[in-house]
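Reading through the structure tokens given below for one structure.
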Amino acid sequence: MGANIVDSEESEPTTDDDFFALSHLFSLSELNYVDIARKEKIPQLMSRWPLLAELAQYDKHGAEKK
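The sequence shown lines up with residues 255 to 320 when you count with this note's numbering.
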């Protein structure tokens, strides 16, 4: 699987993300920004969709074997 569900820090921000827009407007792209609300949603998604959690574990272990 190509999509990494667990690690949200590597994913690209959306264009409607205010911080993303401001960081590009003022050339602040080097700041280390963590979207806490987004990080809190991941465990909720995993509990609602057990298959996502299982696939994320499979992807994690598959990456270690490569």
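Cβ atoms here follow ideal geometry from the backbone N, Cα and C, with glycine treated the same way. Bear in mind the structure is a predicted one, so any value in this text is a computation, not a measurement.
The C-alpha of Glu308 lies about 13 Å from the C-alpha of Pro297. Take Leu276, set aside five residues on each side of it, and the residues of its chain with a beta-carbon closer than 8 Å to its own are Leu282, in chain order. In the structure shown, the three-state DSSP call for Ser281 is coil.
In the structure shown, the three-state DSSP call for Tyr287 is coil.
Taking C-alpha positions only, Phe280 is separated from Asp272 by approximately 12 Å.
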